[in-house]
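First up is the structure itself, then whatever we jot down about it.
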């Protein structure tokens, strides 16, 4: 039985000297039982045991998970700092705590922190005891949230400014000196031993995305840092926190958290704990991960066995909704409606600074007018990838697509394509309108045709009835489309070469939409991209179809627009022969999703089965589909850029794979002199900052 349970007490500091002596005996017995050796009496042996324990911790599960989350190389290793100790558990004139020179959640220029009387540092960060506030202002705010009266607060939960005013004043003064020196928000740990303040460490504090932006801009406005430093202070990925609604549903409710909870916290949407505070493990880790966290909600009761949590007399079961506000510490009953994020203020200022320094534009991958408008709101400077096949799945369009696929001859295909033409034209008009004045790269049909046909018998029966065919005829056609390796099969430009009428229809839709927008005063800059090209002749074939069709439309409409014809470099051979392909292509867009797949020989759909094992065993450091492999795939990209521009010096070059929104990949592309990167709408701000940082670092 635990000593605290035997004594009927809750906290360690409630044990007396005799209790602690008994506890030491039990710990020594436990060490002997589990290790087979007596606890070492030699101070040197203890010291080296502690040092080795720190080194060994580098490879424990918690550290491995943390490294993966933050992309920290395993070979870096860890370090050990040995220093003399001071003790915060020497009585009621001793204490320990953690302080921040600014608010780590909001970024406000308000000194804040937490402490515990008669305790050691681990007691604060572990969240076992709910700590008290350092400042009177913070203490009163905390008490108000907890429903505690001012008299009770002063008696039971006084601030450090009230209980040890001299030490508190000294701490606040030191915090200001440290921030003035490091020019950044500081996270400090301190101990008070027998009434004397000791500073244990300081470091740049972890902060939320909102705090990161505000602190950088506040320091810039105060003249403490310059514009370039402000931009370099931004972690691009953390901007994602600012682009989503304020409230998240709770997915992890704990009495307290410990480092062992890291795996659960990584997948949680929000974190709510009964004990702990803003400096506890849960809050600090949550801030670093961009998770919404409310710690120290003392009035909740968690029942692990029943999987319930009780708040204000109401019991919530697993799956019930509550809403958390990590900035204020409020917990709301049910699912609170959310509002769109504000993209002006400090966020807008950071974006403007990014545009000032970036040399690489940021476009977006958008397949609909809705996505295009969202991306413009985030600052996208054009569309780098519009996947036309995504338009085919909306509404009743899929029926016309299937009719085209199942047609027995060209005439039948053209009849079906004629039905799709106005639909595609309408979509393109909406996209061109949303991107008024910016380039729009439209990729012609790319996926293999089998993706559009039904594979279930019931759906095949419906299709057969609609088209006046027998079920057997539909089945035979569907079976004929099956391929052993469809991603390397009849897709991309190979479809357009086999069925040029598809390329004709899509080109007509693009050009007619561009002319219609031009007539309404919209500046249109269409770029028609041919996918999966591996040779000059493939591109030349499709370029001829595109140019012939465009000329027909211009003649019919009595007007014209300037357009470009280019290709996606996603087949290794295209990168190797880029100098030849550039004879026809007016722009290159690197499709690094497929280029990575073909270069590694990894199937994007099947690789996750073994890539996790690869990462765990050090075969690869990161998933190459998430972070561009600069050593291998990057060589092909660099080769393609150089070879292409050797033939056509004014060749426009961009990237449109998922890597276009990943910061290190964006910087790689910027350093190659690409004109733009393209990514999904919500990653546009991330890419804008990464592009600016690349220019500054270069």
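In my numbering, the protein residues as written are 1 to 698.
We treat Cβ as the ideally placed atom computed from N, Cα and C, and that holds for glycine.
The structure presented is a predicted model; accordingly, all values stated were derived computationally and were not measured.
Burial of residue 446 is indicated by the presence of at least 16 other C-beta atoms within 10 angstroms of its C-beta. In the assembly as shown, residue 142 is a buried residue. Its beta-carbon has 16 or more other beta-carbons within 10 Å.
If you check the CB distance, residue 102 and residue 188 do not come in under 8 Å.
Here residue 481 is not near residue 524, since their CB atoms are 8 Å or more apart. Contact check between the region 618 to 634 and the region 549 to 561: fewer than three CB pairs, one atom from each, fall below 8 Å, which does not count as touching. Non-local beta-carbon contacts of residue 503 in its own chain, meaning distances under 7 Å to residues more than five positions away in sequence, involve 444, 496, 542, 545, 546 in chain order.
Between residue 346 and the set 419, 627, 106, 364, the nearest pair of CA atoms involves 106.
The beta carbon of residue 400 sits closer than 6 Å to the beta carbons of 416, 419, 420 from its chain, once the five residues preceding and following it are set aside; these are given in chain order. Considering only 57, 140, 16, 144, the residue with the shortest C-alpha distance to residue 90 is 16. Boundaries of the alpha helix (DSSP H) harbouring residue 635: 633 to 647, taken from the DSSP string. Taking the Cα positions, residue 357 is about 15 Å away from residue 686.
About 15 Å separates the beta carbon of residue 124 from that of residue 159, a gap too long to meet the 8 Å contact definition. DSSP, reduced to helix, strand and coil, places residue 321 outside both helices and strands of the structure shown, so it counts as coil. Secondary-structure assignment with DSSP links residue 386 through a beta bridge to 442. Within its own chain, the residues whose Cβ lies closer than 6 Å to the Cβ of residue 310, once the five positions on either side in sequence are excluded, are 301, listed in chain order. Counting along the chain, residue 654 sits inside the beta strand (DSSP E) bounded by residues 652 to 655.
DSSP lists no beta-bridge partner residue for residue 67.
Listed as beta-bridge partners of residue 311 by DSSP are 314. Straight-line measurement puts the Cα of residue 553 at about 10 Å from the Cα of residue 561. If you draw a straight line from the Cα of residue 192 to the Cα of residue 118, it comes to about 9 Å.
Secondary structure of residue 603 (DSSP, three-state): coil. Exclusion of the five residues before and after residue 692 leaves 231, 353, 354, 355, 356, 357, 358 as the residues of its chain whose Cβ lies within less than 8 Å of its Cβ. Residue pairing of residue 370 in beta bridges, as defined by DSSP: absent, with no partner found. Taking a C-beta distance under 8 Å as the contact criterion, residue 145 and residue 170 do not qualify as a contact pair. Here residue 566 is bridged, per DSSP, to 529. Counting along the chain, the unbroken beta strand (DSSP E) around residue 196 starts and ends at 196 to 204. Per the coordinates, the alpha-carbon of residue 380 lies some 31 Å from the alpha-carbon of residue 580. Take the alpha-carbon of residue 397 and the one of residue 404: they are about 11 Å apart.
Under the three-state reduction of DSSP, residue 363 is assigned to strand. Under the DSSP assignment, residue 136 falls outside any beta strand (DSSP E), being part of the alpha helix (DSSP H) whose first and last residues are 136 to 146. 8 Å or more divides the Cβ of residue 548 from the Cβ of residue 528. Between residue 493 and residue 432, the C-beta spacing is not below 8 Å. Here the alpha carbons of residue 426 and residue 391 stand approximately 11 Å from one another.
When rounded, the separation of the alpha-carbon atoms in residue 157 and residue 378 is 45 Å.
When the beta-carbon positions are compared, residue 323 and residue 334 come within less than 8 Å of each other.
With three or more CB-CB distances shorter than 8 Å, the region 576 to 596 counts as touching the region 653 to 666.
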